[in-house]
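Note sheet for the following structure.
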Amino acid sequence: MKQRLLVSIIIILVVALSYFSYVYRSSTDAFTQQMNDAKEYRTDDYHIAIAFKDDLPAVGNNTAILRLRDTKGNPIPEAKIRGQAEMAAMGSMPSMRAPVVFNEVSPGIYTAEFDLAMRGEWPLKLQISKDNKSADLSFDMATGRSGLTISGGGVSMAGEMPVNDNQATFPSTPAVNLGLNKQGFYTVGKYLINVALLENAKLRQGDNPLIITVQDRQNNALNNIDVRLLVKSALEQPMTNPGAEDTPAQDNAALVTLLPSTDGRYHGTIVLPQAGDYDFAIDVSSELLGHGDLILTGQTGSSELHAATATPAGISHYTCSMHTSVRAAAPGSCPICGMDLVPVSKQQTQSGVISIDARRRQLIGVKTATAEYRELSKSITAVGRIAYDQHSASEINLKFDTWIGELKADFIGARVERGQVLFTVYSPELLSAQQEYLETRGRLASRGSDDSLLKAARSRLSLWNISSADIRALEQRGRPIEFLPIYAEKSGVVVNKSIVSGSYAKAGSTLLQLADLSTVWVEAEVYEADLPLLEKGMSATVSMQNLSDREYSAKIDYIYPSVNPLTRTTRIRLILDNSDGELRPDMYAQVHFSRKLGKRLWVPDEAVMIAGETRVVFVDLGSEGKIKPVLVNTGQRTKGWIEITEGLSGGEQVITSGNFLIAAEAKLKTGIAQW
94 MKQRLLVSII IILVVALSYF SYVYRSSTDA FTQQMNDAKE YRTDDYHIAI AFKDDLPAVG
154 NNTAILRLRD TKGNPIPEAK IRGQAEMAAM GSMPSMRAPV VFNEVSPGIY TAEFDLAMRG
214 EWPLKLQISK DNKSADLSFD MATGRSGLTI SGGGVSMAGE MPVNDNQATF PSTPAVNLGL
274 NKQGFYTVGK YLINVALLEN AKLRQGDNPL IITVQDRQNN ALNNIDVRLL VKSALEQPMT
334 NPGAEDTPAQ DNAALVTLLP STDGRYHGTI VLPQAGDYDF AIDVSSELLG HGDLILTGQT
394 GSSELHAATA TPAGISHYTC SMHTSVRAAA PGSCPICGMD LVPVSKQQTQ SGVISIDARR
454 RQLIGVKTAT AEYRELSKSI TAVGRIAYDQ HSASEINLKF DTWIGELKAD FIGARVERGQ
514 VLFTVYSPEL LSAQQEYLET RGRLASRGSD DSLLKAARSR LSLWNISSAD IRALEQRGRP
574 IEFLPIYAEK SGVVVNKSIV SGSYAKAGST LLQLADLSTV WVEAEVYEAD LPLLEKGMSA
634 TVSMQNLSDR EYSAKIDYIY PSVNPLTRTT RIRLILDNSD GELRPDMYAQ VHFSRKLGKR
694 LWVPDEAVMI AGETRVVFVD LGSEGKIKPV LVNTGQRTKG WIEITEGLSG GEQVITSGNF
754 LIAAEAKLKT GIAQW
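Position one of the sequence shown corresponds to residue 94 (this note's numbering), numbered consecutively onward.
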């Protein structure tokens, strides 16, 4: 009885294990197929592929499987893989997070289960670490959308060459080559690539050392990025991978080992089994700049390598309608926006002429005008302010410390006349000097007024700005004057005052400032570009906002020698009569000039297209709707007209309306240098 029970239990366990093994194998096989179809992504240390059950992330529970390999294709076991899917906050709803933790189920294969609470975008971030190597990756993930798109931390390996050292597949279709620059670099995607043969600089049967230099589009060296070189015989000779002579290269293409050094240089040796023609595929990729490949052809005995892509006869190059700086030798996609490149004929490039039929002209709204010689003048308006005449200004200061007594000119704006008392001063030094003069004069009176000591004492008082009249009064009175008067040397108006009655003033300080406002200055700011039209003595009209019914005639008295670095303007000075006193310092003024320019060649403003420092005019040739972009130099600009100094002749018809659409057509069809 016990034996029968034991046999029954064993049979049940075997059946259960077989069932679960079948389910596991079926699930694993399904996942394995999904992994084979899944995109693979690459970082510096890892190759990662991710697949989802049923291929679609969905609301609710999800199962993901991740394959982790090294750069040689070997599985990486016992790695730590953690992540998180997060839906961004929307309105009052906070962000939602779903942790994603992968567990290893077999060497290099990891699974994770996670729950997505609702439909929408769930960007996924993963952290992978093993030993001292780590990677952070970001993916765009959404419910109901198949697969993932990498957004950071790595690049897609779709279309790239496998990295197994023992086999390599030569690309079936070469990538677009964007041309060879003056420094010998090919422009490929966002990279500049140069290939140089060493030693005798000619391809030969056997070993051929070479250097591949990689830069970005700003000519910065790119070190420690992924650079690979494949060699394929055009005559289908047997090729083997270096270091594995007995292993033929897959697709008859050998992978060359490259060793990085500095300055973006990668060294390697090409082994050619026999003389003949060969193709060389250079593959570069980095996390920041993405992927690019270049295919060159070469022949033993020759030192030149040529791009494998060929431009059809009559075609100058291919360009992007959105990014005309792109110039490719073959059809393909724009490396910036991905749009298909369009051909540009050699005839269009050489002549720069495009054709627009009458119907399209009408749709675009093309209008024309004639470039003609005309007599024009230019009006210049400058903003300025009224300032007092600095030639007539004077400052009142003393050569001794003093106290101010009675202040006569006691407010700003007070009118004073020459010789009028401004204020009185008291100074112990001045009092002592007067007393010494009187004593010296009494003691030496018998010597006469020409005595040297007497002259020195009198001169001391004069040097302290005591007037001759006050000295004579001192002599007549016979005693010192305690509060000595200070007189105005010029007539004017008090424009600055720093004293009051009873205040103390040190020697040398400015006590009053006077200015004669019978004439005033106008200081105006003129733009740097208008300076060549102005000169000293040129007539102008000045008007004030608060005196709108009056205009003043003036002439340029002075042009200041410096330019304001912030406003790019220069000050000019004019002099106005102000005998009626209506003009006050710091009033705003407008200054108007008019300068005749003589007979010059002009076109309407609308005819000139401005691109940085470049000026382009579209000339209507009249025949079969042909329009030609012409590079011109411009001069003055006035009253809706622009002067043409070079590039056009009088009588030519220029486009004045629809220029932007015509410019787009010209950029697309000709790729003219000025654009």
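We put the CB at the ideal spot given by N, CA and C, even for glycine.
Just so you know, these numbers come straight off a predicted model, no measurement behind them.
Query                                                                                                                                                                               : Result
Using CA coordinates, which residue listed in Lys226, Arg238 and Gly751 is at the minimum distance from alanine 151?                                                                : Arg238
Once the 5 residues before and after lysine 692 are set aside, which same chain residues still bring their CB inside 8 angstroms of it?                                             : Tyr466, Arg467 and Glu468
Taking the beta strand (DSSP E) that leucine 780 belongs to, which residues open and close that run?                                                                                : With the chain represented from 94 up to 768, any question about residue 780 goes unanswered, as that position is not in the structure.
Let me know the secondary structure DSSP gives serine 120 once reduced to three states.                                                                                             : Any reading at serine 120 must be qualified, since the residue scores a pLDDT of 49, below 50, and its modelled position is unreliable; no value is offered.
Tell me whether the beta-carbon of tyrosine 580 lies closer than 9 angstroms to the beta-carbon of leucine 515.                                                                     : yes
If you draw a straight line from the C-alpha of isoleucine 497 to the C-alpha of leucine 607, how long is it?                                                                       : 18 angstroms
Reducing DSSP to helix, strand and coil, say where proline 341 ends up.                                                                                                             : With a pLDDT of 49 at proline 341, under the threshold of 50, the predicted position of this residue should be treated as unreliable, though the coordinate-derived value follows. Looking at proline 341 - three-state DSSP - the assignment turns out to be strand.
Determine which residues share a DSSP beta bridge with serine 376 and list them.                                                                                                    : First, the residue type needs correcting, since residue 376 is aspartate and not serine in the sequence shown. Paired residues: Arg321 and Asp386.
Below 8 angstroms CB to CB, which residues in the same chain sit around glutamate 214 once its five sequence neighbours on both sides are set aside?                                : Met180, Ala181, Asp233, Met234 and Ala235
Given a cut-off of 9 angstroms, decide if threonine 749 and isoleucine 737 are closer than it, judged by their beta-carbon atoms.                                                   : no
Drop a sphere of 10 angstroms on the beta-carbon of isoleucine 755, count the other beta-carbons inside from all chains shown, and report buried for 16 or more, exposed for fewer. : buried
Are there 16 or more other CB atoms within 10 angstroms of the CB of asparagine 639, so buried, or fewer, so exposed?                                                               : exposed
So, are the CB atoms of leucine 690 and isoleucine 665 less than 9 angstroms apart?                                                                                                 : no
Taking a contact to mean a Cβ-Cβ separation below 9 angstroms, would you say threonine 393 touches glutamine 298 in this structure?                                                 : yes
Quick check: what's the CA-CA separation for lysine 548 versus alanine 526?                                                                                                         : 13 angstroms
Pick helix, strand or coil for glutamate 522, following the three-state DSSP scheme.                                                                                                : helix
In terms of alpha-carbon separation, which member of Val635, Ser655 and Arg661 lies closest to isoleucine 668?                                                                      : Val635
Counting along the chain, where does the alpha helix (DSSP H) carrying leucine 209 start and finish?                                                                                : Not the alpha helix (DSSP H): leucine 209 falls in the beta strand (DSSP E), residues 202–209.
Is it right to say isoleucine 449 is buried, meaning 16 or more other beta carbons lie within 10 angstroms of its own, or is it exposed?                                            : buried
In the DSSP assignment, what are the bridge partners of histidine 360?                                                                                                              : Ile304 and Leu352
Comparing alpha-carbon positions, which option in Glu206, Ser231 and Asp482 lies nearest aspartate 670?                                                                             : Asp482
So what's tyrosine 139 in DSSP terms, helix, strand or just coil?                                                                                                                   : coil
Ignore the nearest five residues each way along the sequence and tell me which others in isoleucine 559's own chain have a CB closer than 7 angstroms to its CB.                    : Leu577
Would you identify the three-state DSSP class for lysine 460, choosing helix, strand or coil?                                                                                       : strand
Find the nearest neighbour of asparagine 312 within the set Ile318, Ile305 and Ile286, judged by alpha-carbon distance.                                                             : Ile286
Can you check which of these residues, Pro654, Gly630, Val656 and Val709, is closest to alanine 647 by C-alpha distance?                                                            : Gly630
Is DSSP giving alanine 566 helix, strand or coil here?                                                                                                                              : helix
Does the Cβ-Cβ distance between arginine 135 and methionine 250 come in under 9 angstroms?                                                                                          : yes
Which residue comes first and which comes last in the alpha helix (DSSP H) that contains arginine 551?                                                                              : 545–556
Are asparagine 155 and leucine 230 closer than 9 angstroms when you measure CB to CB?                                                                                               : no
Quick check on cysteine 430: buried or exposed, where buried means 16 or more other Cβ atoms within 10 Å of its Cβ?                                                                 : exposed
How many Å lie between lysine 721 and valine 709 at the Cα?                                                                                                                         : 10 angstroms
Go through its chain and collect everything with a Cβ distance to asparagine 316's Cβ below 7 angstroms, but skip five positions before and after it.                               : Pro353, Thr355 and Gly357
First and last residue of the beta strand (DSSP E) that includes tyrosine 481?                                                                                                      : 465–481
I'd like to know if the stretch 185–194 and the stretch 158–172 are in contact, where contact means that at least 3 CB-CB pairs between them fall below 8 angstroms.                : no
What residues match up with glycine 571 in a beta bridge as DSSP calls it?                                                                                                          : Glycine 571 pairs with nothing; no bridge assigned.
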